[in-house]
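There are 2 protein chains.
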Amino acid sequence: MLLGSVEAGGTKFVCAVGNEDYQILDSTKFPTTTPKETLGRTIKYFKKFRGLQAMSIASFGPIELRHNSPKYGYITDTPKKGWSNVNFLGIMKKYFKFPIYWTTDVNGSAYGEYIMAGLFHHPVKCLAYYTIGTGVGVGEVVNGKFLGDLGHPEMGHVRVKRHPDDLNFKGICPYHGDCLEGLVAGPTFEARLGKKGPDVPLSNHVWDIMAYYVAQAAIQTTLALRPEVIVFGGGVVSEPFLRKVRHQFKILLNGYVDVGNLRNYIRMPAVENNGSATVGNFALALEESRK
Amino acid sequence: MLLGSVEAGGTKFVCAVGNEDYQILDSTKFPTTTPKETLGRTIKYFKKFRGLQAMSIASFGPIELRHNSPKYGYITDTPKKGWSNVNFLGIMKKYFKFPIYWTTDVNGSAYGEYIMAGLFHHPVKCLAYYTIGTGVGVGEVVNGKFLGDLGHPEMGHVRVKRHPDDLNFKGICPYHGDCLEGLVAGPTFEARLGKKGPDVPLSNHVWDIMAYYVAQAAIQTTLALRPEVIVFGGGVVSEPFLRKVRHQFKILLNGYVDVGNLRNYIRMPAVENNGSATVGNFALALEESRK
Chain A
1 MLLGSVEAGG
11 TKFVCAVGNE
21 DYQILDSTKF
31 PTTTPKETLG
41 RTIKYFKKFR
51 GLQAMSIASF
61 GPIELRHNSP
71 KYGYITDTPK
81 KGWSNVNFLG
91 IMKKYFKFPI
101 YWTTDVNGSA
111 YGEYIMAGLF
121 HHPVKCLAYY
131 TIGTGVGVGE
141 VVNGKFLGDL
151 GHPEMGHVRV
161 KRHPDDLNFK
171 GICPYHGDCL
181 EGLVAGPTFE
191 ARLGKKGPDV
201 PLSNHVWDIM
211 AYYVAQAAIQ
221 TTLALRPEVI
231 VFGGGVVSEP
241 FLRKVRHQFK
251 ILLNGYVDVG
261 NLRNYIRMPA
271 VENNGSATVG
281 NFALALEESR
291 K
Chain B
1 MLLGSVEAGG
11 TKFVCAVGNE
21 DYQILDSTKF
31 PTTTPKETLG
41 RTIKYFKKFR
51 GLQAMSIASF
61 GPIELRHNSP
71 KYGYITDTPK
81 KGWSNVNFLG
91 IMKKYFKFPI
101 YWTTDVNGSA
111 YGEYIMAGLF
121 HHPVKCLAYY
131 TIGTGVGVGE
141 VVNGKFLGDL
151 GHPEMGHVRV
161 KRHPDDLNFK
171 GICPYHGDCL
181 EGLVAGPTFE
191 ARLGKKGPDV
201 PLSNHVWDIM
211 AYYVAQAAIQ
221 TTLALRPEVI
231 VFGGGVVSEP
241 FLRKVRHQFK
251 ILLNGYVDVG
261 NLRNYIRMPA
271 VENNGSATVG
281 NFALALEESR
291 K
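These protein sequence lines map, in sequence, to chains A and B. Okay, so the first sequence: first residue is 1 according to the numbering used here, each after it adds one. Okay, so the second sequence: first residue is 1 according to the numbering used here, each after it adds one.
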């Protein structure tokens, strides 16, 4: 069976064709420019393949995913220029007659990690996936379903207790200033230090400050959902950074609830090279084909 | 059909017998003393009724609610003297042979509000219930099921951004100091002002500070679950206080997601006089009787 995956990021699109074993048979990527050009390339790519039976699109957002909304399948009011109010799913459905699943980019990644845990670790019932990159996004899978009845989660925009050494930093979120995203997204390195994240060594105290905030986010998710795993992906995240997060998490939670082995609980994605969403898309497309 | 409800609080027990229309036919309450005396009175009360077909217990905690745990049905390591490691459900099952459902006190209340929304407002798929009293607890219903696979939610113990006029208050949570519970539970009035909550007029600035924290909790739950309703109950909560919470919520969320009419979204319990858990118990007992 041939399945299609569109990982539609704000910076680039990754399109792939795979099978029901989640193997990638072919893939391509290109920058996210105008909707017309980008969706045109997406359609052209998948038209090359005969026998595609379903597809899943994991898109940047915010998107409309309530089936009963007239805007279902749209990217809604995104800050990404030209992409507000674009009927992404509707356009794709004009060109492809097979079933197409529609969800957020982080939900796609969360689902990929949920599937991989079942295949290679032990199956989990509840998993959260954070991406920390240009922004902060969260996807949550509970018993095989995504959380979010009125819309997708936006846990990147919660407030956190400010670190005493960081009280003067106002944060960079255009909506909230010092919400989680405003304090730990990739561009905060330039706002705080005047240089890019990859140029800031892990010995810099700013990483401890960020770990303090990310640990609070992990605690919020722990105490709200009691998940079995919290996966952190995205450009800001590395295993050495997660060691700092685990350290802060342990201090802040203070043993209040049992989360098991912390190294398994707070961890990097099982799928390498940001491939979680592609695996998730294949799995979601497969399920959509069976509906 | 006769159904039993045990609302087991840390201060008092409320036992009731009702029917499948959630009507209370008889009830009693007594203080929570030793487990032997308190459970003895509970058993004696329900033994008076012939024809009880099921029961639900909504208990203070922390409790074990994982069915596969050998401690399922226990109150685990509670600070409440004498009640740690008490096999609450097991003792009840020795005396009653009908099905007994077991959950947390706030889950019971959340379920009662979920049921009432379906009966008297419009049915909801996702609802969160906060109680703010001696402590802070949260119950979350998603598609008729409680959230929390590894244990029940403990959203009372998240960190929040501190209010600039409250930075010197260290909080009263024995585990975390200034977590949400440590900042807004009932006993914080005495810790901050040296007098009890009911003696502090709503014009006192401390209520604005507390509303700032409770609004952040509402935002966390909003952005994690995207529920249709967040209900606030417990001794600290009143409609005038919730007006302050809504005001802060609106400022802090800054329109980032749509929650509909804020007066319906953040609201007092539909069941008056702290009766939500009894309604929830009747509904849960009814479902248990049908399994």
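Yeah, the Cβ is synthetic: ideal placement off N, Cα and C, and Gly gets one too.
* Asked: With distances taken from CA atoms, which of Ala8/B, Phe49/B, Pro174/B, Ile43/B is nearest Trp102/B?
  -> Counting from 1 along the second sequence, the entry for residue 102/B is found at position 102. The candidate whose alpha carbon is nearest that of Trp102/B is Ala8/B.
* **Beta-carbon proximity list for Gly182/A, same chain, < 7 Å, skipping 5 on both sides** => Position 182 of the first sequence, counted from the first residue, corresponds to residue 182/A. Counting only Cβ-Cβ distances below 7 Å, and skipping sequence neighbours, we find Gly171, Ile172, Cys173, His176.
* **Between the CA atoms of Val237/A and Phe189/A - distance to the nearest angstrom** => Along the first sequence, one-based indexing puts residue 189/A at 189. Along the first sequence, one-based indexing puts residue 237/A at 237. So the two alpha carbons sit approximately 13 Å from each other.
* Pull up the CB-CB distance for Tyr265/B and Ile209/B, whole angstroms please, since I reckon it's below 8 Å. => For the purposes of this step, residue 265/B is taken as the residue at position 265 of the second sequence. For the purposes of this step, residue 209/B is taken as the residue at position 209 of the second sequence. Not confirmed; about 22 Å, so no contact.
* **Short CB-CB distance (under 8 Å) between Val142/B and chain A** => Counting from 1 along the second sequence, the entry for residue 142/B is found at position 142. With 8 Å as the cut-off, Val142/B counts as an interface residue toward chain A.
* With a CB to CB cut of under 6 Å and the five nearest residues on each side skipped, what residues in its chain are close to Thr134/B? -> Position 134 of the second sequence holds residue 134/B. Cβ neighbours of Thr134/B beyond the five flanking positions: Gly186.
* To do: Can you give me, in chain order, the residues of the segment 220-235 of chain B that have a beta carbon less than 9 Å from any beta carbon in chain A?
  => Gln220, Thr221, Thr222, Leu223, Ala224, Leu225, Arg226, Pro227, Glu228
* Asked: Taking Cβ to Cβ, would you say Phe49/B is nearer than 8 Å to Val17/B?
  -> As a first step, residue 49/B is located in the second sequence; it is residue number 49 there, counting from the start. As a first step, residue 17/B is located in the second sequence; it is residue number 17 there, counting from the start. A contact, by the Cβ cut-off of 8 Å.
* Cutoff 7 Å; reference Val86/A; Cβ partners in own chain excluding five residues on either side -> Counting from 1 along the first sequence, the entry for residue 86/A is found at position 86. The residues are Pro35, Tyr74, Ile75.
* To do: Measure from the C-beta of Arg162/B to each C-beta in chain A and report whether the shortest distance is under 8 Å.
  => The residue given as residue 162/B occupies position 162 in the second sequence. So yes, Arg162/B belongs to the interface.
* **Contact set between the segment 243-277 of chain A and chain B, restricted to residues whose Cβ is under 9 Å from the partner** => Leu252, Leu253, Asn254, Gly255, Tyr256, Val257, Asp258, Val259, Gly260
* **Span of the beta strand (DSSP E) around Gly4/B** => As a working note, residue 4/B is residue 4 in the second sequence. Start and end: 2-8.
* Asked: Shorter than 8 Å from the beta carbon of Pro153/A to some beta carbon of chain B?
  -> Here residue 153/A refers to the residue found at position 153 when the first sequence is read from its first residue. For Pro153/A, the answer is yes, since a Cβ of chain B falls inside 8 Å of its Cβ.
* **Nearest candidate by alpha-carbon position, reference Thr222/B, set Gly118/B, Leu89/B, Gly255/B, Gly108/B** => For the purposes of this step, residue 222/B is taken as residue 222 along the second sequence, with counting starting at 1. Considering only alpha carbons, the answer is Gly255/B.
* Tyr95/B: buried (16+ other C-beta within 10 angstroms of its C-beta) or exposed? -> Here residue 95/B refers to the residue found at position 95 when the second sequence is read from its first residue. Classification of Tyr95/B: exposed, given that the 10 Å Cβ count is below 16.
* Asked: What in chain B is Cβ-close to Val158/A, meaning under 7 Å?
  -> The sequence position of residue 158/A within the first sequence is 158, counting from 1. Here the neighbours are Ile219, Gln220, Leu223.
* Would DSSP call Gln216/A helix, strand or coil? -> Translated into the one-based positions of the first sequence, residue 216/A becomes position 216. Note: Gln216/A maps to helix in three-state DSSP.
* To do: Spell out whether any CB of chain A is found under 8 Å from the CB atom of Cys15/B.
  => Taking the first residue of the second sequence as 1, we reach residue 15/B at position 15. By this cut-off, Cys15/B is not an interface position.
* Asked: Could you give the residue range of the alpha helix (DSSP H) that holds Ser59/A?
  -> For the purposes of this step, residue 59/A is taken as the residue at position 59 of the first sequence. Ser59/A -> not in any alpha helix (DSSP H); beta strand (DSSP E) instead, spanning 52-59.
* For the segment 187-221 of chain A, which residues have a beta carbon sitting closer than 8 Å to at least one beta carbon of chain B? -> Gln216, Ile219, Gln220, Thr221
* Spell out a yes or no on whether the segment 146-154 of chain B and the segment 211-228 of chain A are touching, meaning 3 or more CB-CB pairs, one atom from each, closer than 8 Å. => yes
* Evaluate Pro79/B with the Cβ neighbour count: other Cβ atoms within 10 Å of its Cβ, from every protein chain shown; 16 or more gives buried, anything less gives exposed. => Against the second sequence, residue 79/B aligns to sequence position 79. Result: exposed.
* Pro240/A - containing alpha helix (DSSP H), residue span -> Numbered from 1 along the first sequence, position 240 holds the residue referred to as residue 240/A. That run of the alpha helix (DSSP H) goes 239-253.
* Asked: Mind checking if Leu147/A is an interface residue toward chain B, Cβ cutoff 8 Å exclusive?
  -> On the first sequence, residue 147/A is found 147 positions in, with the first residue counted as 1. By this cut-off, Leu147/A is an interface position.
* Would Lys125/B count as contacting chain A if we go by Cβ distances under 8 Å? -> If you number the second sequence from 1, residue 125/B lands on position 125. So, interface residue.
* **beta strand (DSSP E) segments (min. 3 residues) lying fully within the segment 127-160 of chain B** => 136-142
* To do: Please decide whether His176/B counts as near chain A, where near means a Cβ-Cβ distance under 8 Å.
  => Walking along the second sequence from the start, residue 176/B turns up at place 176. Yes, its Cβ sits closer than 8 Å to a Cβ of chain A.
* What does a CB cutoff of less than 6 Å around Pro62/B pick up in its chain, not counting 5 residues either side in sequence? -> Looking up residue 62/B in the second sequence gives position 62. Taken in chain order, the residues that qualify are Thr76.
* Tell me which same chain residues have a C-beta within less than 8 Å of the C-beta of Glu29/B, skipping the five on either side of it? -> Counted from its first residue, the second sequence places residue 29/B at position 29. First, the residue type needs correcting, since residue 29/B is Lys and not Glu in the sequence shown. If we look at Lys29/B and ignore the five residues flanking it on each side, its Cβ neighbours are Lys12, Phe13, Val14, Cys15.
* **C-beta contact flag for Phe279/A and Tyr22/A at 8 Å** => Walking along the first sequence from the start, residue 279/A turns up at place 279. Walking along the first sequence from the start, residue 22/A turns up at place 22. Reading the sequence as shown, one finds Val at residue 279/A and not Phe. In this structure, Tyr22/A lies closer than 8 Å to Val279/A by Cβ.
* To do: Give the secondary structure of Asp178/B by DSSP, where H, G and I count as helix, E and B as strand, and everything else as coil.
  => Counting from 1 along the second sequence, the entry for residue 178/B is found at position 178. In the structure shown, Asp178/B sits in coil (DSSP, three-state: anything other than H, G, I, E or B).
* Of all the CB atoms in chain C, is at least one closer than 8 Å to the CB of Leu65/B? -> Reference to chain C is not applicable here, since the protein chains of this structure are A and B.
* Asked: Between Lys161/B and Arg162/A, is the Cβ-Cβ spacing less than 8 Å?
  -> Locating residue 161/B in the second sequence gives position 161, counting from the first residue. Locating residue 162/A in the first sequence gives position 162, counting from the first residue. Yes.
* To do: Out of Leu284/B, Phe241/B, Phe88/B, point me to the one whose CA is closest to Gly40/B's CA.
  => Position 40 of the second sequence, counted from the first residue, corresponds to residue 40/B. Checked all of Leu284/B, Phe241/B, Phe88/B; the closest Cα to Gly40/B is Phe88/B.
* Asked: Does the Cβ-Cβ distance between Val136/B and Tyr130/B come in under 8 Å?
  -> Translated into positions along the second sequence, residue 136/B becomes position 136. Translated into positions along the second sequence, residue 130/B becomes position 130. In contact: Val136/B and Tyr130/B (Cβ atoms closer than 8 Å).
* Looking at the structure shown, is Leu167/B part of a helix, part of a strand, or coil, going by DSSP? -> Taking the second sequence and counting its residues from 1, one reaches residue 167/B at position 167. Residue state, collapsed to three classes: coil.
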